[in-house]
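Take a look at the structure set out below.
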Amino acid sequence: MKAAELFVRCLENEGVEFIFGIPGEENLHVMDALCESPIRFITTRHEQGAAFMADVYGRLTSRAGVCLSTLGPGATNLLTAVADANLDHAPLVAIAGQAGTNRLHKESHQVLDLHSIFSHVTKYSSQILTPNIIPEVVRKAFKQAQMERTGASFIEFPENIASMEITDSPLRVKHPIAPEPAAESVQRAAALISEARTPMILAGNGVVRAGAWQQLTDFAERLNIPVANTFMAKGIIPFKHPMALGTAGLQTHDYLNCGFERADVIVCIGYDLVEYHPHLWHPTRDRCIIHIASAPSEVDASYGVSVGVVGDIKHSLIRIAELATPHQGHLLRPLREALITEMNQHRDDESFPIKPQKIIWDLRTALDLEDVVICDVGAHKMWMARMFRCEYPNTCIISNGFASMGIALPGAVGAKLAQPDRAVVAVTGDAGFLMNSQEIETAMRLGIAMVVLIWNDRGYGLIEWKQLSSFGRASHVRFTNPDFVTYAESFGARGYRIERAADLLPTLRAALADSTVSIIDCPVDYGENMKLTQTLGEMICPI
Ligand SMILES: Cc1ncc(C[n+]2csc(CCOP(=O)(O)OP(=O)(O)O)c2C)c(N)n1
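Residue numbers (the numbering used here): 78 to 620.
Right, dumping it as structure tokens:
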């Protein structure tokens with residue numbers, strides 16, 4: 078068979094369902110081999126859209142999402158979203174065509190050293206320079222992408238190699254089993270937790286990746302330790318659970334910081350430092366930190382670990398919970414109550430443009446608890462992270478490692494393909510929306526039903542918020558928008574413009590009940606941003 082056919086057989090062997098991408102001249106053989114494969118190729122309108130689809134598909138399925146481009150400009154278009162997957166620890170395999178090996182040694186049309194470029198944004202980057210290494214390269218790319226800590230891999234496939242003849246077969250797929258934590262560190266962690274006066278948990282996305290949310294809730298419940306989660310770990314403990322304190326990660330002092338100040342032992346579980354810098358919650362550097370994760374901790378002056386429990390998170394939690402003495406009372410409960418009071422405050426607000434809190438209230442009301450929201454990056458993300466209640470993990474996807482704008486809309490396409498039975502909503506700013514709105518066409522062509530909720534402030538809201546907080550004035554952040562309703566309709570999608578607060582909930586319900594792509598243009602009142610900064614700045618800790 079042709080090397081390209083063997084390559085496709087290897088992808089099938091990895092269980093690949095979809096490849097998101099754009100064909101090019103240098104991957105013709107792979108594209109042709111896909112004609113004989115059950116793998117579905119999803120033709121996108123930009124390689125960045127393809128890679129974000131793969132990124133979110135990977136987060137939701139725990140299997141590597143796959144994206145493909147041609148050489149040179151196609152591959153550099155993949156780069157941002159591949160980096161996003163890697164820093165957010167989402168499993169992804171990116172594949173790029175390449176010129177024939179007879180012209181890689183010199184300046185040549187569209188040729189870039191892709192293997193080197195991608196080696197900086199992936200866990201594993203490789204070139205297929207001879208056909209007989211295909212089974213190993215593909216197996217290794219998937220193994221690396223799907224192994225803790227999960228991330229991105231890259232494969233460069235020159236066109237002349239793809240056309241060569243080869244007789245070979247894929248390697249057997251075996252999933253590595255996470256090791257047991259060392260007994261000594263389990264005992265030490267249990268002793269520190271037992272001796273603590275006011276312990277607190279900070280849970281991160283590693284718990285989601287390990288599928289350890291039930292063990293986390295059991296751990297918190299049995300030992301009576303309250304849980305704060307990071308942006309990427311929303312729903313890790315159901316928000317309705319009395320031990321749930323809410324989401325930490327705002328860059329200003331928030332209720333949860335009162336908890337971190339009060340706690341003497343902070344139990345970090347599946348926490349990646351890239352999400353929420355420790356100097357923001359541990360500026361004093363004097364608390365006892367227990368690190369429970371699949372991998373040893375990153376080095377950071379504000380993250381001095383007293384004991385590291387490294388290994389399978391589920392086992393670690395079960396074993397520590399068996400050994401540690403449960404605590405009494407729940408001193409941090411007022412933090413949860415203060416947040417809930419704030420969440421409820423604007424539920425009946427009729428002002429227009431609509432306040433962020435009210436948009437979130439209506440969105441939560443319109444969606445079922447298992448539906449999926451993909452959040453873009455901006456001020457809307459800060460509000461959603463802080464105030465959107467989640468009862469299940471992976472129901473509010475947030476990019477908070479690389480935090481790239483433009484993920485939400487293509488991410489929603491990936492989410493819908495991964496979980497077709499759930500409603501999917503992309504929550505995005507007006508700027509992030511236009512970064513990848515071309516993928517509306519992809520969604521329409523695929524016949525996907527999804528909702529895009531645009532928080533329209535005609536500006537780069539988050540940057541304006543930071544400028545106002547830092548300098549008391551804003552600059553270079555204002556722009557105009559096209560008519561989003563006409564824009565949606567030009568794709569054949571449904572377009573809605575919200576003109577008063579009372580319209581939002583019925584519009585969301587109508588859009589969610591529809592079988593097509595719906596774009597909702599919702600004017601937002603970001604006057605609330607600085608009000609929140611001021612309120613939190615003047616806050617007296619409720620504990
Ligand atoms: C690709 C990319 N470019 C720039 C940034 C920096 N950035 C973060 S948020 C933001 C503004 C986002 O504006 P918008 O999408 O309208 O959302 P809003 O903040 O108004 O809610 C910018 C420019 C980024 N994170 N990613």
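Every residue, glycine too, gets a C-beta built ideally from N, C-alpha and C.
{"Check": "Sub-8 angstroms separation of residue 486 and residue 134 beta-carbons", "Outcome": "no"}
{"Check": "Selected residue, minimal CA-CA separation from residue 431, among 88, 598 and 140", "Outcome": "598"}
{"Check": "7 angstroms Cβ shell around residue 520 - same chain, five flanking residues per side excluded", "Outcome": "490, 527 and 594"}
{"Check": "CB contact flag (residue 385, residue 262, <8 angstroms)", "Outcome": "yes"}
{"Check": "Integer-rounded CB distance, given that residue 117 should sit under 8 angstroms from residue 94", "Outcome": "7 angstroms"}
{"Check": "Nearest candidate by alpha-carbon position, reference residue 615, set 357, 325, 446 and 335", "Outcome": "335"}
{"Check": "Through-space distance from residue 80 to residue 238, alpha-carbon basis", "Outcome": "7 angstroms"}
{"Check": "Same chain, Cβ closer than 6 angstroms to residue 265, neighbours up to 5 away in sequence not counted", "Outcome": "384"}
{"Check": "Cβ contact check for the segment 404 to 411 and the segment 575 to 594: 3 or more pairs under 8 angstroms", "Outcome": "no"}
{"Check": "CB contact flag (residue 220, residue 467, <8 angstroms)", "Outcome": "no"}
{"Check": "Contact test: residue 457 Cβ vs ligand 2 heavy atom, cutoff 7 angstroms", "Outcome": "Ligand 2 is not part of the structure shown, which contains ligand 1 as its ligands."}
{"Check": "Cβ neighbours of residue 301 in the same chain (closer than 7 angstroms, five flanking residues each side left out)", "Outcome": "403, 404, 405 and 407"}
{"Check": "C-alpha distance - residue 560 paired with residue 187, whole-angstrom precision", "Outcome": "37 angstroms"}
{"Check": "Where residue 167 falls: helix, strand or coil (DSSP)", "Outcome": "coil"}
{"Check": "Contact belief for residue 478 with residue 164 at Cβ below 8 angstroms, rounded distance in angstroms", "Outcome": "4 angstroms"}
{"Check": "Bridge partner(s) assigned by DSSP for residue 201", "Outcome": "230"}
{"Check": "Nearest candidate by alpha-carbon position, reference residue 284, set 461, 570, 139 and 435", "Outcome": "139"}
{"Check": "Enclosing alpha helix (DSSP H) for residue 595 [first to last residue]", "Outcome": "Taken as a continuous stretch (DSSP letters only), residue 595 belongs to no alpha helix (DSSP H), being part of the beta strand (DSSP E) at 594 to 600."}
{"Check": "Spatially closest choice to residue 248 from 100, 448, 423 and 216, by CA coordinates", "Outcome": "216"}
{"Check": "beta-carbon residue 505 near ligand 1 non-hydrogen atom, thresh 7 angstroms", "Outcome": "yes"}
{"Check": "Assigned exposure category for residue 421 - 16 Cβ within 10 Å defines buried", "Outcome": "exposed"}
{"Check": "Under 8 angstroms between C-beta atoms of residue 502 and residue 454", "Outcome": "no"}
{"Check": "Candidates 253, 492 and 330, of which the one nearest residue 617 by Cα", "Outcome": "330"}
{"Check": "Other residues of its chain near residue 512: CB distance less than 7 angstroms, five sequence neighbours each side excluded", "Outcome": "482 and 483"}
{"Check": "Assumed close pair residue 171, residue 128 - CB separation to whole angstroms, cut-off 8 angstroms", "Outcome": "6 angstroms"}
{"Check": "Any 3 or more C-beta pairs closer than 8 angstroms across the segment 550 to 559 and the segment 409 to 426", "Outcome": "no"}
{"Check": "Residue 174 Cβ short of 7 angstroms to ligand 1 heavy atom set", "Outcome": "no"}
{"Check": "Assigned exposure category for residue 282 - 16 Cβ within 10 Å defines buried", "Outcome": "buried"}
{"Check": "Helix, strand or coil at residue 353 [DSSP, three-state]", "Outcome": "coil"}
{"Check": "Contiguous alpha helix (DSSP H) assignments of at least 4 residues, all confined to the segment 468 to 554", "Outcome": "485 to 495, 507 to 512, 516 to 523 and 538 to 548"}
{"Check": "Contact test: residue 540 Cβ vs ligand 1 heavy atom, cutoff 7 angstroms", "Outcome": "yes"}
{"Check": "Three-state secondary structure (DSSP) of residue 154", "Outcome": "helix"}
{"Check": "Spatial neighbours of residue 472 in its chain, beta-carbon cut-off 8 angstroms, leaving aside the 5 residues before and after", "Outcome": "311, 312, 446, 447, 448, 449 and 450"}
{"Check": "For residue 223 and residue 253, the rounded distance between their alpha carbons", "Outcome": "9 angstroms"}
{"Check": "Three-state secondary structure assigned by DSSP to residue 405", "Outcome": "coil"}
{"Check": "Residue burial classification, residue 457 (beta-carbon count within 10 angstroms, cutoff 16)", "Outcome": "buried"}
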